[in-house]
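K.L.:
Numbering (my numbering), first residue to last: 140 to 587.
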Ligand code: TRP
């Protein structure tokens, strides 16, 4: 058998995982969800979940991945012994990757379109109404958003076909830190706007009375989405981690970085929204209208706008890569086909559903399933059902099905992690995380 590739270094793992985690989830979806769920109420639940459930779940995925050195389907088969239902979790994960990739590439295509707009200086001198009209015109264009989406999928397939170390790791290492720098600059600018106070109050003042079952499941879905957990992406990346690397500290670094970037995005977008009179509940258009408005107000706005959308495209690309990698690792290892073939099949499969997601944004789109557009349906299905259920099964697997000694072995890297910490993590994985996910999931079903 051909030897599997590994990541080249510990920094490489952190950067590749951070590359997977950081993306539209932070910059586009987080502000959307926070805006729709009351701001501060959402943020506080989100932070608690990222810490208490997100971190142990991420570690659990790494444990499964590195122990098995296999794709999610193979991983559950190898670790659970013959004649077992556990590989179903892997199949669900691969299906989930398809579904996420289908609607994720819709917005990914927009970032590409907006990069083009910023090169062409389309935002200069435009007022809010015109910028909003540009967004509607772009998403309604007969073929442009589709072309952008397909281009994005093709770029993703190209990198994934080239493999883990050369493709994924190298790019993430350089570009993620650059994105952070430019976001800090934007944040400083946004804080000088007249609506800064209102924006910050909206985001940071928790209103506990607003916390209900809906906020809980939205925050859970958002944190799983943002951290790329609950469907096997990090089982796949974990399978490329070398035996000497400390996965626990890598996971903690990634959760912190991801949370920081989401909060930063909020600090950029909400002050701007309040300044320019954009509703925080504006949804899909929120990031794509507030950001060009901020750039308008900045000296050197043209260049910042260009850089920002360039980095956003790249951050998004490192996320789509991790999604397609789940499909490619599974297809190529389970069906014994080449990575290139698997990447092409995966991208084509995604393109078919993805097309429908992109068409959802046409005005008067009649393509509704159960009252929702295809885009909303895919988003809702994956974030509120697939990922919570996947996450629950993953922590149950690590906490109850795998041998305790094996889990400890993975957690400690031969004893480098203090006993108290590793026991604590194990207890959270075994008891706290499954109960918390279960309660939140059920609270959504019974609409508490
Ligand atoms: N986490 C990414 C983001 O925030 C999106 C993403 C990449 C993802 N891989 C994933 C989401 C796997 C869920 C599962 O943009």
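The beta-carbon is built from N, C-alpha and C at its ideal position, and this holds for glycine as well.
Note that this is a predicted model, so its numbers are computed, not measured.
1) Of all the alpha helix (DSSP H) runs that stay within the bounds of the segment 294-354, which reach a length of 4 or more residues?
2) Would you mind sorting residue 559 into buried or exposed? The rule is 16 or more other CB atoms within 10 Å of its CB.
3) Three or more C-beta pairs under 8 Å: does that hold for the segment 450-462 against the segment 245-253?
4) Expressed to the nearest angstrom, what Euclidean distance is found between the alpha-carbon atoms of residue 352 and residue 183?
5) At a threshold of 7 Å, does residue 531 count as lining the ligand TRP (C-beta to nearest heavy atom)?
6) Spatial neighbours of residue 523 within its chain, please: C-beta separation below 6 Å, excluding the five flanking residues on both sides.
7) On the criterion of 16 or more Cβ atoms from any shown chain inside 10 Å, does residue 256 qualify as buried, or is it exposed?
8) Can you give me the Cβ contacts of residue 415 inside the same chain, cut-off strictly under 6 Å, excluding the 5 residues immediately before and after it?
9) Please report the distance separating the alpha-carbon of residue 369 from that of residue 325.
10) Strictly closer than 6 Å from CB to any heavy atom of the ligand TRP: give me those residues in the order they appear in the chain.
11) So what's residue 221 in DSSP terms, helix, strand or just coil?
12) In the DSSP assignment, what are the bridge partners of residue 511?
13) Hey, quick one: how far does the alpha helix (DSSP H) through residue 405 stretch, first residue to last?
14) Is the segment 316-323 close to the segment 524-532, with three or more CB pairs under 8 Å?
15) For residue 172, report the span of its alpha helix (DSSP H) as first-last.
16) Check this for me: beta carbons of residue 194 and residue 390, under 8 Å apart or not?
17) What separation, rounded to the nearest whole angstrom, lies between the Cα atoms of residue 495 and residue 273?
18) What do you get for residue 223, buried or exposed, if any count of 16 or more other CB atoms within 10 angstroms of its CB means buried?
19) Hey, could you find the ends of the alpha helix (DSSP H) residue 460 is sitting in?
20) Rounding to the nearest angstrom, what Cα-Cα distance links residue 342 and residue 332 in this structure?
21) Given a threshold of 16 other Cβ atoms within 10 Å of its Cβ, counted over all protein chains shown, does residue 281 qualify as buried or as exposed?
22) Check whether the segment 398-410 and the segment 170-185 touch, using three or more Cβ-Cβ pairs below 8 Å as the test.
23) Taking Cβ to Cβ, would you say residue 217 is nearer than 8 Å to residue 207?
24) Between the C-alpha atoms of residue 442 and residue 340, what's the straight-line distance to the nearest angstrom?
25) Residue 468 to residue 481, Cα distance in whole Å?
26) Would residue 203 pass as a contact of residue 536 if the rule is Cβ separation under 8 Å?
27) Is the beta carbon of residue 145 closer than 8 Å to that of residue 510?
28) Could you give the residue range of the alpha helix (DSSP H) that holds residue 204?
29) Looking only at its own chain, which residues have a Cβ that is under 6 Å from the Cβ of residue 580, when we skip the five neighbours before and after it?
P.N.:
Per the coordinate set shown:
1) 309-330 and 335-343
2) Position 420 of the chain shown holds residue 559. Residue 559 comes out exposed.
3) yes
4) Within the chain shown, the letter at position 213 stands for residue 352. Within the chain shown, the letter at position 44 stands for residue 183. Going by the C-alpha atoms only, they are around 14 Å apart.
5) If you number the chain shown from 1, residue 531 lands on position 392. No, since every heavy atom of the ligand TRP falls outside the 7 Å radius drawn around the Cβ of residue 531.
6) The residue you call residue 523 lines up with position 384 of the chain shown. Within the same chain, residue 523 has close Cβ partners 356 and 360.
7) Walking along the chain shown from the start, residue 256 turns up at place 117. Buried, because 16 or more other Cβ atoms sit within 10 Å of the Cβ of residue 256.
8) As a working mapping, residue 415 is identified with position 276 in the chain shown. Around residue 415: 267 and 432.
9) Position 230 of the chain shown holds residue 369. Position 186 of the chain shown holds residue 325. In a straight line, the C-alpha of residue 369 is about 31 Å away from that of residue 325.
10) 159, 160, 162, 163, 164, 165, 239, 364, 365, 367, 370, 372, 458, 461 and 462
11) Counted from its first residue, the chain shown places residue 221 at position 82. In the structure shown, residue 221 sits in coil (DSSP, three-state: anything other than H, G, I, E or B).
12) For the purposes of this step, residue 511 is taken as the residue at position 372 of the chain shown. BP columns for residue 511 point to 508.
13) Residue mapping note: residue 405 aligns to position 266 of the chain shown, counting from 1. Start and end: 386-415.
14) no
15) Along the chain shown, read from residue 1 onward, the residue named residue 172 stands at position 33. Counting along the chain, the alpha helix (DSSP H) containing residue 172 begins and ends at 169-175.
16) Counting from 1 along the chain shown, the entry for residue 194 is found at position 55. Counting from 1 along the chain shown, the entry for residue 390 is found at position 251. Yes, these two residues count as a Cβ contact at 8 Å.
17) Here the question's residue 495 lines up with position 356 in the chain shown. Here the question's residue 273 lines up with position 134 in the chain shown. Answer to the nearest angstrom: the Cα atoms are 21 Å apart.
18) Within the chain shown, residue 223 is the residue found at index 84, counting from 1. Exposed, by the Cβ-count rule.
19) Position 321 of the chain shown, counted from the start, is the residue given in the question as residue 460. Residues 440-473.
20) Along the chain shown, read from residue 1 onward, the residue named residue 342 stands at position 203. Along the chain shown, read from residue 1 onward, the residue named residue 332 stands at position 193. Each residue's alpha carbon lies about 15 Å from the other.
21) Your numbering for residue 281 matches position 142 in the chain shown. Exposed, because fewer than 16 other Cβ atoms sit within 10 Å of the Cβ of residue 281.
22) yes
23) Here the question's residue 217 lines up with position 78 in the chain shown. Here the question's residue 207 lines up with position 68 in the chain shown. It is a contact, given that the beta carbons lie within the stated cut-off.
24) On the chain shown, residue 442 is found 303 positions in, with the first residue counted as 1. On the chain shown, residue 340 is found 201 positions in, with the first residue counted as 1. So the two alpha carbons sit approximately 30 Å from each other.
25) Here residue 468 is taken as the residue at index 329 of the chain shown, counted from 1. Here residue 481 is taken as the residue at index 342 of the chain shown, counted from 1. For residue 468 and residue 481, the distance between alpha carbons rounds to 8 Å.
26) Here residue 203 corresponds to residue number 64 of the chain shown, with the count starting at 1. Here residue 536 corresponds to residue number 397 of the chain shown, with the count starting at 1. Against a cut-off of 8 Å, the Cβ pair of residue 536 and residue 203 comes out as a contact.
27) Stepping through the chain shown from its first residue, residue 510 is reached at position 371. Stepping through the chain shown from its first residue, residue 145 is reached at position 6. Contact: no.
28) Counted from its first residue, the chain shown places residue 204 at position 65. First-last of the alpha helix (DSSP H) with residue 204: 194-207.
29) The residue you call residue 580 lines up with position 441 of the chain shown. Within the same chain, residue 580 has close Cβ partners 527.
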